[in-house]
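Numbering (the numbering used here), first residue to last: 1101 to 1479. All residues carry an ideal CB built from backbone N, CA and C; glycine is no exception. Values in this document were obtained by computation on a predicted structure and should not be read as measured data. Step one of this worksheet: look at the structure below.
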Amino acid sequence: MKFYLMFNPFSWERMDEPIKLGGRRTDRYQHMLEQLAAHAELADRAGFEGVFFSEQHGNIEGIPEVTANPVLLDLFVASRTERLKVGQLGMTLPVSNPLLVADQIAQLDQLTGGRALAGFSRGNTPRWADQYGQHIPMRATRSDKSEADERNLRALQECWQIIKLAWTQDVFSFDGEFWKFPVPGTKWPYPHTKTWGAGVDEDDNLLGVSIAPGPYQTPHPRVFAPMSGRSATVRFWAREGATIMCLTPREDLVKGMLEVYADEAYQAGRTPRRGEGIIAGGTLSIAADEATARKRADLMSEWDSMVYSVAPYHLPHPMAFNGTPTQIVDQIGRLHSELGINEFILTDYFPAPHGSDVSLEMLQLFAEEVLPAFREKES
């Protein structure tokens, strides 16, 4: 079994110590980086498989995540660790130039010696997604099958096709609804391209584009995608062989997604293993005794309600692993037994809502008393 962390770094130290414009404060961001390094180094020593960051811009409140550049944060974590894989959940494709995204993740893969993971999402935050994506134009939206939702889905699918071409082809061209590569009429008179490169004709017309370097991993880093509310998205990523991150507490929904994923994978010519295609998980509230774990769980739920259950997110509470180490071993073990899931992800919140010491203590306790239990079962 493999375990991952979804790092959710905040500018606030504790929930009961709010900070005005915390996301703009250098002292708070630097403190967050110190905590991030501590959590990453612990995860590396403990044997976690990898970590992820979201892409969020302009969070001047310091909540939710202060993660404006997940690729740079990945590189920061990789520089402080030896084996931990680093990724994004995800890069918001409808508002991004897909050729640039392919370029950045390929370089991350090279700079980390093949430790990069890739994750792609559609975006649900109009404060920044509508601003960054106005060239298309994109609009952040819920998975509601609205015109904006349909356009975002088409844009995500098109962007992924471009990224895949950039990762796997020396030179490529693409003519889509949103993007054209190369831009029609582009001239490239550089003489050495005809001799040592590719993608131009004798009249200096640019016929194809590329990225350099390509990915370290062959054919490319492993791909993940956060769950949306639409089976069409699940089916798309199943056809492409990506893994869906699912944080819902509804086990019937997880089971249904596994069935949809397996059905689509079969039709695409793959035979998935039981439980393959879904990485399940949620929040962690752990302590040596039940009373303390319960208090931590209540605080986590209160924080989640304050930050994510309000407009514009309106996100339901995620799955929660609450209790003593033994209880959490049982909770994860049951999901593994009943659904066949072999990969789990924990949302690692720090410093808030609990504060730096408690946040790190909970991760340490999970690493020391939960992870070994699953290594023993595998043995």
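**Report entry** Bridge partners - Phe1220, DSSP secondary structure assignment
**Finding:** Here Phe1220 is bridged, per DSSP, to Met1191.
Query raised in the report: What number of angstroms, rounded off, separates the C-alpha of Gly1308 from the C-alpha of Phe1474?
Result: If I take the Cα positions, the gap works out to 49 Å.
Query raised in the report: Start and end of the alpha helix (DSSP H) containing Asp1363?
Result: Taken as a continuous stretch (DSSP letters only), the alpha helix (DSSP H) holding Asp1363 covers Glu1351 to Gln1367.
Query raised in the report: What beta strand (DSSP E) runs, 3 residues minimum, are completely inside the stretch 1115-1188?
Result: DSSP runs (the beta strand (DSSP E)) wholly in the stretch 1115-1188: 1150-1153 and 1185-1188.
Query raised in the report: Are Leu1142 and Ala1452 close, meaning C-beta to C-beta below 8 Å?
Result: No, they are not a contact pair.
**Report entry** Backbone CA spacing between Pro1412 and Asn1305 [nearest angstrom]
**Finding:** The straight-line gap from Cα to Cα measures roughly 46 Å.
**Report entry** Sub-8 Å separation of Arg1124 and Gly1455 beta-carbons
**Finding:** Against a cut-off of 8 Å, the Cβ pair of Gly1455 and Arg1124 comes out as no contact.
Query raised in the report: Do Asp1448 and Leu1105 have their CB atoms nearer than 8 Å?
Result: Yes.
Query raised in the report: Buried or exposed: where does Glu1165 fall if 16 or more other Cβ atoms within 10 Å of its Cβ makes it buried?
Result: Counting every other CB atom within 10 Å of its CB across the protein chains shown gives Glu1165 a total of 16 or more, marking it as buried.
Query raised in the report: Going by other Cβ atoms of all chains shown within 10 Å of its Cβ, with 16 needed for buried, is Thr1318 buried or exposed?
Result: Its Cβ having fewer than 16 others within 10 Å, Thr1318 is exposed.
**Report entry** Collapsed DSSP secondary structure at Thr1392 in the structure displayed
**Finding:** In the structure shown, Thr1392 sits in a helix (DSSP, three-state: H, G or I).
Requested in this report: Express the C-alpha separation of Tyr1408 and His1436 in angstroms, rounding to a whole number.
Outcome: Note on geometry: alpha-carbon atoms of His1436 and Tyr1408 lie some 27 Å from one another.
Query - Separation of Ala1391 from Gly1214, as counted between CA atoms - result: Their Cα atoms are separated by approximately 43 Å.
Query - Pro1439 to Gln1156 span [Cα, whole Å] - result: For the record, residue 1439 in the displayed sequence is Leu; it is not Pro. Approximately 32 Å between the Cα atoms of the pair.
**Report entry** For Gly1423, the residue or residues it bridges with in DSSP
**Finding:** Per DSSP, Ile1386.
Query raised in the report: Can you name the residues that DSSP bridges to Leu1446?
Result: Per DSSP, Leu1105 and Gly1382.
Query - Status (buried if at least 16 other CB within 10 Å, exposed otherwise) for Pro1118 - result: Classification for Pro1118: exposed.
Requested in this report: Check whether the Cβ atoms of Pro1226 and Ala1216 sit closer than 8 Å, and answer yes or no.
Outcome: Cβ distance not < 8 Å, so Pro1226 and Ala1216 don't count as in contact.
Report task. Sort out for me which residues DSSP pairs Cys1259 with in a bridge. Result -> BP columns for Cys1259 are empty, so no partner.
Query raised in the report: Who are the near neighbours of Glu1376 in its chain, counting only those whose CB is closer than 7 Å to its CB and skipping five residues on each side?
Result: Counting only Cβ-Cβ distances below 7 Å, and skipping sequence neighbours, we find nothing.
Query raised in the report: Of all the options Leu1415, Ile1386 and Ala1342, which has the alpha carbon lying nearest to the alpha carbon of Ile1379?
Result: Of Leu1415, Ile1386 and Ala1342, the residue nearest in Cα terms is Ala1342.
**Report entry** Delimiting residues of the alpha helix (DSSP H) encompassing Thr1225
**Finding:** That residue, Thr1225, is in no alpha helix (DSSP H); it is neither H nor E in DSSP.
Query raised in the report: Would you report the Cα separation of Pro1416 and Gly1381, rounded to the nearest angstrom?
Result: Between Pro1416 and Gly1381, the C-alpha separation is close to 14 Å.
Report task. May I have the straight-line CA-CA distance separating Thr1293 from Asp1301, to the nearest angstrom? Result -> Separation of Thr1293 and Asp1301 (C-alpha to C-alpha, rounded to the nearest whole angstrom) is 10 Å.
Query raised in the report: Excluding five sequence neighbours on each side, which residues of the same chain lie with their C-beta closer than 7 Å to the C-beta of Ala1393?
Result: Within the same chain, Ala1393 has close Cβ partners Ser1385, Ile1386, Ala1387, Asn1422, Gly1423 and Thr1424.
Query raised in the report: Are the CB atoms of Glu1476 and Lys1102 nearer to each other than 8 Å?
Result: The answer is no: Cβ separation not under 8 Å.
Query raised in the report: In three-state terms, what does DSSP make of Phe1110?
Result: Reduced to three states, the DSSP call for Phe1110 is coil.
Query raised in the report: When you compare each of Arg1128, Val1186 and Val1171 to Val1151 by their alpha carbons, which one comes out closest?
Result: Residue Val1186 is the option with its Cα nearest to Val1151.
Requested in this report: Ignore the nearest five residues each way along the sequence and tell me which others in Leu1460's own chain have a CB closer than 8 Å to its CB.
Outcome: Answer for Leu1460: Gln1135, Ala1138, His1139, Leu1142 and Phe1450, listed in chain order.
Requested in this report: Evaluate His1235 with the Cβ neighbour count: other Cβ atoms within 10 Å of its Cβ, from every protein chain shown; 16 or more gives buried, anything less gives exposed.
Outcome: Burial call: exposed.
Report task. State buried or exposed for Glu1364, treating a residue as buried only when at least 16 other CB atoms are found within 10 Å of its CB. Result -> Of the other Cβ atoms in all chains shown, 16 or more fall within 10 Å of the Cβ of Glu1364; this residue is therefore buried.
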